[in-house]
Each structure stands twice: as structure tokens, then as C-alpha cells.
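Below is one structure, written out as C-alpha cells; comments come after it.
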Amino acid sequence: MLLPGRNHIFRLLLATVLLSHWVHGQHCIWYGECGNSPLHPEKKLNCNYTGPAVPLPEEGQELLQELCPGLVYADNRVCCDTQQLNTLKSNIQIPLQYLSRCPACFFNFMTLFCELTCSPRQSQFVSVKDFLKEQNQTSVGNVTYYITQTFANAMFNACSDVQAPSSNIKALGLLCGRDASKCTPQNWIQYMFGIDNGQVPFGIEPVFTDVPVQGMTPMNNRTFNCTQSLDDGSEPCSCQDCSEVCGPTPVPPAIPPPWTILGLDAMSFIMWCSYISFILIFFGVVLGAWCYRRSVVTSEYGPILDSNQPHSLNSDGTDFIDEASCCETVGERFENALRVVFSRWGSLCVRQPLTVILSSLVLICICSAGLSYMRITTNPVELWSAPSSRARQEKNYFDQHFGPFFRTEQLIITTPWTEEGGFSTITGDIIPFSPILNISLLHQVLDLQLEIENLIAEYKGENVTLKDICVSPLAPYNDNCTILSVLNYFQNSHEVLDHEFKDEFFIYNDYHTHLLYCASSPTSLDDSSRLHDPCMGTFGGPVFPWLVLGGYEDSAYNNATALVITFPVTNYLNDTEKLGKALAWEKEFIRFVKSYENPNLTVSFSSERSIEDEIDRESNSDVSTIVISYIIMFVYISAALGRINSCRTLLVDSKISLGIAGILIVLSSVACSLGIFSYIGIPLTLIVIEVIPFLVLAVGVDNIFIIVQTYQRDERMPEEELHQQIGRILGDVAPSMFLSSFSETVAFFLGALSTMPAVRTFSLFAGLAIFIDFLLQISCFVSLLGLDIKRQEAKRMDILCCVKLSDGQEEKSEGWLFRFFKKIYAPFILKDWVRPLVVAVFVGMLSFSIAVINKVEIGLEQTLSMPDDSYVLNYFGNLSKYLHTGPPVYFVVEDGHDYKTFEGQNAVCGGVGCNNDSLVQQIYTASLMRNYSRINNVPSSWLDDYFDWVKPQSTCCRYYNSTGAFCNASVVDKSCVHCRPMTSSGKQRPNGTEFMHFLPMFLSDNPNIKCGKGGHAAYSTAVALKDNNTDVGATYFMSYHTILKNSSDFINAMKMARELTDNITQTISTNNKSYKVFPYSVFYVFYEQYLTIVSDTALNLGVSLSAIFIVTAVLLGFELWSAVLVCLTIAMILINMFGVMWLWSISLNAVSLVNLVMSCGISVEFCSHIVRAFSISTRSSRVERAEEALAHMGSSVFSGITLTKFGGILILALSKSQIFQIFYFRMYLAIVLLGAAHGLIFLPVLLSYAGPSVNKAKVLAAHNRFVGTERERLIY
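In terms of the working numbering, the sequence shown opens at residue 693 and continues consecutively.
What follows is the structure, given as C-alpha cells:
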């Protein structure tokens, strides 16, 4: 047994022995550098050294503190010298620029390399596999590095979410040699240590084990989680770079379930129940009323009729004068005033025809002369977006501060080849490659690309090439054009494409491996293989695989079935000369690709000017269709106006010349409207040119038929001259014409209040054209009618006026159509058993339309605007089929934000210390819900990249000590010093004047292999500097939308982006700041209208109906109930139009809204004449009054507007244009059929049930006018 004192001595001796063994076990394997790497001669190898750690020289102390603070203790004994530390610093520059955003990630990363390079315990976890001897020096060859799996996992987990802001991808995607989604702890470390990556001078084989192996203790230093702060006070990583900091992944709000009742669509269920209830109540009331009438016969003329007289009008007319209300009396006097005015005017026009006609021609010529100033707007932006709209203002702001969005020329290339290729890896695995990635096809595609690059166009005698107009982000240092193509991975070179590294047995690297590497690491300047080819494009920027490859799933780029080549062309704001050059080159581009033939390639393409060109071509190709349509209508009008009494008098009774004159008057009114507004400077649109003639012809022809047919049915009274007869006829019908024309004019002018340019322009031109047409019809046409009647009465032939027929007795007969309406149609429609059925059918149509009105699609698919044979249709189809990302979206921060303060920086940036609700962070969070937010990527953040670029640990930010000028990282010059000192304050983000001092340097720095964070290529246009580079103005942060395939996707993407930026604005703006954040994408100006299209439609149609109600009520002699019935019928027509739109797949957009506004106007023609005829009828019951109105006006409406339009519309079905087939043929046909059905079927029935009571004052006035004349029979 040992004594207590000896026990202590024994323990001390044992500890001493163990310590000596431990110290003996810890030694270096290298120290210093000697010899060059045989594989990379520019890199140094480490000298073999197996002694203990060596105190670091004083000049390396600061560098050790900077790079490996964990090894700083005591006398700083380490296994590396100062030169090795310098080499380490040089080698970690690229990872530093990307990973230092997350302090924990970068600390763990540096621990891995510091322990390998300098650890005094180096021999415990690093073993040498072989040595290289050269000139009496022994260098360490390949080594094995033992690392615990725990450490590897911890390092990977801390870095897995770190973002690369300029690339919109994760940093590991740039540092792992593969896509970030396929990166693991093992293959990441293996890639970094692989000799083939071009970054290490010797092979380092990592062995991952958590237990000692072969006497080696794996490195297992302390790691930090990305949620932890470091010992030096560095904060946890940001939410953007560490998902654990964010908490649970945000979940988008649930899509609201469809509104159902008992499992059925709620609207359909409600309308079915309402319809059935209405039918039961209505038929019950009708049956009850019928039974009541059988027992008690009453008349609505009770106060007027005397029981002892068959008709009270046979009295002296004074027995009920006191019973007429004040409103009725005023209405009668107003109508009588209109009658007198129009009668006198008509008489004057017939008596002075030449004066009236010549005056009309002079006015037409003066107004039409304005067509010389006519401008036609084909610019889609001007057509669909109001100058005051939010999208238009934001577009203008973006264009003024950053320049307009570039013009896009794009090819989508596929192949009919079906045989797949493959690449055999060293392990024997076969990686399949789709046919389009066959090297033979890639060479052919490259030939096509180079031919396009070399295209020469001519503009004003000058040659224009792609280089003259393309986007060159690094100009003037690098004037290569930006070409987004998979061939840019091979520097657009056939030679590079054929690069391969092989021996007699195996191909180790070729275009297959290079393509896969570049697809996973597009910003790499070296593919890390034996090829050492760069991935960056020749223009100095990265080529992201989702922009140049299509038709693959997830990130399986080798399975891509399409190649996408994009040539961005500079867009020019207010520079017509440069824009003209771009347009000229685009025209040559289109011509070339159209004529390109290659049986191995299928090319679909589009140019920036393609859509506008195709719309113009479409309009020109449809001219023949439109002309044929109008010819048919003209022939019908000319033939139908005449009433042929016999074959002998065919050429006398015909009114071809009058019909042609009437048509010319209609066209003249259109020309006058266009001319007047051209004087003012309002440009025309294609919608105006295509729609307004149709509208005015419908209104004008209806009025022509009413005037002519009313004359044909009239009999001249004794002692009445022609001018008196026509004056009297015009006094009867002109108020009805004035009612319809004026109500339409007011409705259209009020429709011009719309903010939608297409609707506003159409409404202005249409309203004026209709009113001018009315004025010409009651003046010029009336004079021409008087002359034609004189010709007819003189037995002179139509057209051949000099030829006169011999006198003969001719009988004047009623037209067959009038007889049909009077004798057959009107009595049938108004039979007691037919009327309820009519009501049931039309209310059923109304109920159905209401049920589906909320199901009408909103938007206008781009494909519909193209002709059926357009090359752009193939492009649109492939665009949605193959592309994997949507258009870029820019989040613009307006001028006013203060980036020089920490508070202002934290409100925007996404790195360490930034607010959790910063701009970048909110966009990042939205990208996590991409299916909901439609934001596909993390935004590229110039601010975060600037902070990484300016760090003192980085070699990016340097300047010449003598001049203060910027010194690029690739420059080797001892006078270049770091921008900021390696102090605690120097490591902080710059603020104040220091922030602005280095920012211009950052924005001018071109990225290179030493510094990938240079901001020239990525951000030179993203930051607008002001006040002589002393402050930051407007800036943007770019991301991408998800792939958008239809109008609904585009609308939702814009809507969600605006909701996001509205929230960001509220978050980052202070109370005393007025700036805002807004999203901008090139398609917003076209789709903004759809955000408010429903309310715009309701407003436009509501205003039009209100105008029609007011005008109708006034011009019908203040008969409010008549105005209500007119508006009710028009509203039913409009609602049924929505039902037709749903049935016929017609979406709601500006074009269809114009047609709806037009249908509102045309519906007045179908309804107002019938209602006025009913209101002035003196028959004894509503049914008889409705029958009379339908007989007299129905035939004119049917033969005028209905038959005229029906023939012309059918021709539109032959149009090649889809937009004509859908929005003109289908909608016009629906307008005419629904208008005719409601005006000639439903409205008379409605009047027979609920028409206004007879105006007693009008009855009395009619009695006083007709009694004692041959027209006295008309009052019975």
C-alpha cells in the first residue's frame, strides 16, 4: 500500500508521461510552401514537416486572427507560416463573398480549412498519402482528412440556406459543383477538396467518421448553428439565410371553397328557386286575372270612357280635359313642340333640297378634312393602359430612372429526333441526355445562333447589326452582346463545345459534364474539371439554366426537350432614331428565321415587334372580309328600301340610289366624327375603325327604314303638298329617332368617362358619329327622299333618271313584311295563351344568365389576338409548354429612402442584422409560397452584395493608395490597399459618407475569378445615384414570377405582387416620407385593366342605362314608367349577353366591354321605337296598343337593323382572325339576335301586361288634330 505522499507523486509522474505521449502524438505534417503542383503549376505545394507546431512570425499574427481566431492562443504555435495563411486567404475569397452573409456558416467553413492548414494537432486527423521530391525538397502530395460526420452535418446545415443575392439561387449551388438541392455534406466537402475543381494544388480525401479510425482521431471542433451568435458577438444568420430563424414555413391562406347550397352551385340553385317561384306566382296571377276578367270587364280608359258611348273620343273632347294630370299635360306639350319643330324642318328640307344638300356636303368636307391629321394607335400600351393608371405611371417611373425594359427576341428550339444519348461516368453509371442535347444538334443550333448574330439590316442607308442594338452589361470593357443560350456555357464556340478530356479507355470530361456543371453553377469561372472552361457567358454574366432550357422536371437539366435562346435588345426611350434601328434589325431577324429550314430542328420564335406586326397583318387580311360584310348590307339596304308594286314599275319603285345615299350619309357621319377628333389630336384605334361603322350603320339604317317605310304606308291628304306630307311624317317619326339617337349619344359620351383608353376612345367617336348621323338623316336624307319621291311620281327610273315610263294606273299596296307583322305576327304574339309563355321563356333566359354571370372568364389570351396562320401561335404554345420561369419582376424603391443609416439599411437588406420584415425578407418569404404569391425566386439584392463586397476580409474592395482610384481584385499591385481596416468597426457595415464613397466603385466593378461580387454586370442599372454620387435615389431588387400560362395567372401575379409591395411600403416607410415600393413587370400595363374590369363594366353599363333612362323619360313626355320598361328590357339584353359570353367562351376584357357598351346603344334601337309607338297609341287597351306599336314599328326595326346586320354578321364567321370570330362574329350575332328577340317579342308582351296607361292629354290632342280630317279613323 502506497503512502499518501507517494500517491501524489505517482499521479504527477503518470500525468507527465501521458502528456509527453500526447505532445509527441501532436505534430505537424507540413510547414511552409515549396514546389509547384504538377496539375496546377501556378499553385504551390506544402513542405513536408513532421515536427511540433512553430510559433507564427509577427507579420502573420494579424492574418491568423483574421482567418483562424480559434487558433490564436499563447505564442500562436501553428503548422503554417505566413505565406500559407496568405494562400489560404486567397483561396477562400469566393466562398467568403457568398458564405460570410451567415457568420455561423462561415465560421464553421473556416474551421474546416484552418484546422487542415494550421492546426497544431494536425497529425491527429490528417495523414499523408504520398510525397513529391524536387531539388532536395520534399512536398506533401495527397492527404487524407478525417472529419466527423457530426461536424460535416453541422457545417452543411448552417450553410444550406445561405443565399447568393445576385444570382437568385442558394450559395451552395455555386460552391458544391451541383445544384443546391442535390448537395449533401459529403459531396460538398468532397467537391471542395477534389483536385479536379482547380482550386486545390493536391488531392485531399475526406473520410467521414465519428469514431477513431486507423489510429486517427477525426476533427470535431466546435460548430455553431445558424441560429446562434458567435463568441465575437456576431449575430445569428438572417431568416433568408437560415430557415430555422424564420420559424415554421409560411402557409398560404386556404383557397375559399366554391359557394354551394346542398352541394349545388349557389347562384344556380338560387336562380332556379327564384325562377320556379316566379313562374308559380306569375301563372297564378295570370290565371286569376283571366278568371276575373271573365266575370267583370273593365277598361283602363274608365275615367275617359262614357258608358253610353262606344268611344269617348267621339265626344267633343272636353268632357275629361280636367282629368289629365299636370305631368301628362306637360309631356303632351313637349311632344307636340317636337312634332311641330320637326314638321317645319322636314318641310323646309323638301322645299329647299339643294341648299340643304350642298350645306351638308360642305360641313362633311370640312369635318372629314381632319382625317389628314389622323393618327392610328397600334401601340398596345397606349391602347390598353390609361396615362393616369397606376401601371402606366409606374412604368414611366421605371423607364425614366432605369431605362425601359429591354426588347426581347427569342427562339424556342425542339427536334423531331427521338433517340436519347448518354454519358458514362467513372463509376459506370449512365446519365441520359435528351435528343436536343446531342452534340450534333448543338453544333447546328450554334450555327443558327451565330448566323443571327451576324445578321445585317439596313436603316436609312446604314447597316445595323446586333452589336449596334444589343444589351452589353459590361460595356465598354466587354462589348459582347448578352445572349441567353446554353451555347454560352461553351463561349458560343464550336471549338469549346468539342472540348474533351480522355485517354485511350475513357472520356472523363466533355460537353456533357460541362453542361451539367454549369447548369448547377452558372456563375463559375472554372468548371473545376480537367477542361477548366468557364460557365459565365461571354457577355460577363451568368446564364441560368431555367432561362435557356425547357421541358424538364425539377432540376433534371439533362432531360431538357427544348433550347431557349434569347437576344435582349436595348429599348430606347424617346429616341426614334435608335428605336428605328432596332425595329429594322428585328424585321430582318423575323425574315431570316421565317425562311430558316433545318429538318433536324423545329424553331418557334417571336420578336418584340411580332405581336404588333401580326395585329397589323391581321387587320389587313380581314379587310376583304369586312368589305364583303358591308357590301352585303349595302345591297340589302338598297334593295329592301323600295316597295315594288308591279314588275312594270320595278325600276321606278326601287330606291337603290336613295339607299346608296343613305349609306353614304352613315359613312359620312363616321368620317366627320373621325375628322373632328383628329383635329383635336385624339388618335384612332383599330377598335374604333372596326366597330363604329357597324354601330352607326345599325342605328342609321334603322332610322332610314323608319322614315321611308312610314312614308310608304302614309296617304297624302287632299290639298296636302309633298313637303307638307313629309314634314308631317317627320314630325311623327323624328321624335322617336331623336329619342334613340340622343339617348345613345349621351350614353356613349358618359361612357367616355371610363379610364380604359380603348373604351374611352370608342365612346367618344361613337357618340359623335351617331349624333352627326341623326342630323344628316333629318336634313340631307329628308331632302334626298323628297327628290326621290318626285322622281318616282314623275315615273322616272331609279338611277337612270332621264328614262321615263309611260303613265299607267298603279295600285299602292302595303309591303309584305308590314302585312305579316300586322295580320299574323303581332296578333299571334299577343294572344292570351302566348304571352305567358313568352314571359316564362325570357325570364328563364334571364335567370340562367344571372346564374352564370359570375362564371364569365376575365382576360384576353394572347393567342386570340393573332391570325390563325401566325407563326407567333406556335411560339405562344411552346412558351407555356417548355419554359420554367416567368417574366422578371422588379421591386422598385422610389427615391427617398435613406440607405446611409443602419435603420434604413436594415429595413431593406436580407443579411445579418436586417429586420425580419425587411423588403428582401418579405419577398423571400413570399417566394416560399410561390404557388400562391407567384414570386419564384429570392430577389437579387444589390445592398447585400455590396456589404459582402466591401468587407475588409474580402479582396474585392481596394483602391490605389496614391490616387484613391478603384483597384480591381484581379490587379496585382502593392499600392492597392483594402477599403476598410481589419478592425471591429471596419467589419461593420458602412454608413454615412463611407457608404457612398465605395458604392460607385462597387457598381463599376466587373466580376472576376478573384471577386465574383462585382456589381457592374448585375446592378449597374439597379441603383440610380444622385447629387453627384453623394446619395442613392431610386433602386430596384429583381426577382422572377413563376411560369404564367394564361390571363388568370398574369392577373393574379400582378395582384399578389402589389399586395406584397403595399405591405412593404407600410413596413419600411416612416411617417415623414412619401416614397413607396412598387412592383414592375413588363406585362403589368396590359393586365392592370382586369383588376377593375368588373367594376368598370358595371360602371359603364350603369351610366349608360342611367343616361338612357333620363333621356327616354324626358323625350317620351316625362313618362317615367316607359323609361323604366325601356331600361329594364335593355338590362335584360345586357345580362343575357353575359350568358351568351359564358356559353360561347367569350371572356370579359376591353374588346368585349366595348361591344357591351355598343350593345347597350343598339338595344335602344330595338326598344325605344316600340315603346314610343305604344305611348302615343290611342287604342282602348294595352294589348291593342302593343299590337299597333309592334305592327307599325316592328316591321321597320326587323327589316332595318335586324336583317341588315344579320347578313353582314354571318360573313364575319369566315374571318381568319380569332379575335374577329369570337369578339365580333359571336358577340355581334348575339347582340342582334337578343336585341331583336327582346324588342320584337318580349317588349310588346311586357307592354301588354305592364305598359304605361294612356296619356289622357295625348288622346285629347290626337282627337283635336284628327277630327274632321281623313285621318280621323286613326283615333278609333
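Ideal Cβ positions, reconstructed from N, Cα and C, are used throughout, including at glycine.
Would you give the residue range spanned by the alpha helix (DSSP H) that residue i belongs to?
| i | result |
| --- | --- |
| Gly1367 | 1348-1372 |
| Arg1750 | 1739-1760 |
| Lys1794 | Note on identity: in this sequence residue 1794 is Gly, with Lys being the wrong assignment. Here the alpha helix (DSSP H) through Gly1794 covers 1785-1807. |
| Gly1684 | 1684-1696 |
| Ala1778 | Looking at the sequence shown, residue 1778 is not Ala but Phe. Note, Phe1778: alpha helix (DSSP H), 1776-1779. |
| Asn1566 | 1563-1574 |
| Asn738 | No alpha helix (DSSP H) contains Asn738, which is instead part of the beta strand (DSSP E) from 736-740. |
| Tyr1638 | 1634-1641 |
Starting from residue i, trace the beta strand (DSSP E) both ways and give me its first and last residue.
| i | result |
| --- | --- |
| Met1730 | 1723-1732 |
| Ala1254 | 1254-1261 |
| Cys1227 | Premise fails: Cys1227 is in no beta strand (DSSP E) and is neither H nor E. |
| Gly1114 | 1113-1116 |
Please return the same chain residues whose Cβ sits closer than 7 Å to the Cβ of residue i, not counting the five positions on each side in sequence.
| i | result |
| --- | --- |
| Thr1593 | Asn1683 |
| Asp1587 | Gly1725, Ala1726, Tyr1767 |
| Thr1675 | none |
| Asn1598 | Gly1605, Cys1606, Asn1607, Ser1610 |
| Glu758 | Gln1645, Met1674 |
| His719 | Thr742, Gly743, Pro744, Ser815 |
| Tyr1181 | His1206, Leu1207, Cys1210, Cys1227, Val1235 |
| Leu669 | Only positions 693 to 1968 of the chain appear in this structure, which leaves residue 669 out of reach. |
| Gly1272 | Tyr1151 |
If I'm right that residue i touches residue j with Cβ under 8 Å, what's the distance once you round it to whole angstroms?
| i | j | result |
| --- | --- | --- |
| Asn913 | Ala796 | Going by Cβ atoms, the distance from Asn913 to Ala796 rounds to 13 Å, so no, they are not a contact pair. |
| Met1748 | Arg1626 | 5 Å |
| Met1850 | Val1383 | 6 Å |
| Ile1464 | Ser1361 | 4 Å |
| Cys760 | Cys739 | Actually they are not in contact, since the Cβ atoms of Cys760 and Cys739 sit about 19 Å apart, beyond 8 Å. |
Alpha carbons only, please: which of the options is nearest the one belonging to residue i?
| i | options | result |
| --- | --- | --- |
| Thr830 | Cys1852, Tyr741, Ile1049, Asn768 | Tyr741 |
| Val1937 | Ile1911, Gly1113, Ala1881, Ala1922 | Ala1881 |
| Pro1071 | Ser1851, Phe1778, Ala1815, Asp1741 | One detail in the question is off: residue 1071 reads as Asn in this sequence, not Pro. Asn1071 has its Cα closest to that of Phe1778, out of Ser1851, Phe1778, Ala1815, Asp1741. |
| Gly1943 | Ile1862, Ile1901, Met1919, Phe961 | Ile1862 |
| Cys1261 | Pro1168, Ile1329, Glu1145, Ala1078 | It should be noted that the sequence gives Val, not Cys, for residue 1261. Cα-wise, what sits closest to Val1261 is Glu1145. |
| Val1584 | Asp1636, Thr1453, Phe1729 | Phe1729 |
| Phe894 | Leu1902, Asn728, Arg1672, Thr1258 | Asn728 |
For residue i, I'd like the list of residues in its chain whose CB is within less than 6 Å of its CB, leaving aside the five on either flank, ordered along the chain.
| i | result |
| --- | --- |
| Asn1251 | Ser1126, Tyr1244 |
| Lys1765 | Gly1588 |
| Glu992 | Because Glu992 sits at a pLDDT of 45, beneath the cut-off of 50, its placement in the model cannot be relied upon, and the point is left open. |
| Ile896 | Val835, Tyr837, Phe885 |
| Pro1096 | Asn1263, Leu1265 |
Using a Cβ-Cβ cut-off of 8 Å (strictly less than) and excluding sequence neighbours within five positions of residue i, which residues of its own chain qualify?
| i | result |
| --- | --- |
| Ile1743 | Ile1550, Gly1551, Tyr1779, Tyr1782, Leu1783 |
| Val1073 | Arg1084, Lys1087, Val1777, Phe1778 |
| Ile1303 | Pro1072, Gln1554, Ser1557, Met1558, Val1564 |
| Thr1789 | Leu1840, Leu1845, Leu1848 |
| Leu756 | Leu748, Leu763, Val764, Asn768, Val770, Leu777, Cys810 |
Between residue i and the ligand HEM, is the CB less than 7 Å from at least one heavy atom?
| i | result |
| --- | --- |
| Glu1020 | In terms of ligand content, the structure shown is empty, and the ligand HEM therefore cannot be addressed. |
Subject >> the segment 1541-1561 / the segment 1231-1243 touching (three or more Cβ pairs under 8 Å) >> reply: no
Original post:
Are the segment 947-964 and the segment 820-835 in contact at 8 Å, needing three or more beta carbon pairs?
Top reply: no
Original post:
Contact between the segment 1436-1447 and the segment 1915-1926: three or more CB pairs below 8 Å?
Top reply: no
Original post:
Per the contact definition of three or more C-beta pairs closer than 8 Å, is the segment 1139-1159 in contact with the segment 1270-1283?
Top reply: yes
Original post:
Is the number of C-beta pairs between the segment 1823-1836 and the segment 1393-1402 that are closer than 8 Å three or more?
Top reply: no
Subject >> the segment 1168-1188 touching the segment 1717-1724, judged by at least three CB pairs closer than 8 Å >> reply: no
Original post:
Using 8 Å as the Cβ pair cut-off and three pairs as the minimum, do the segment 1882-1898 and the segment 1515-1524 touch?
Top reply: yes
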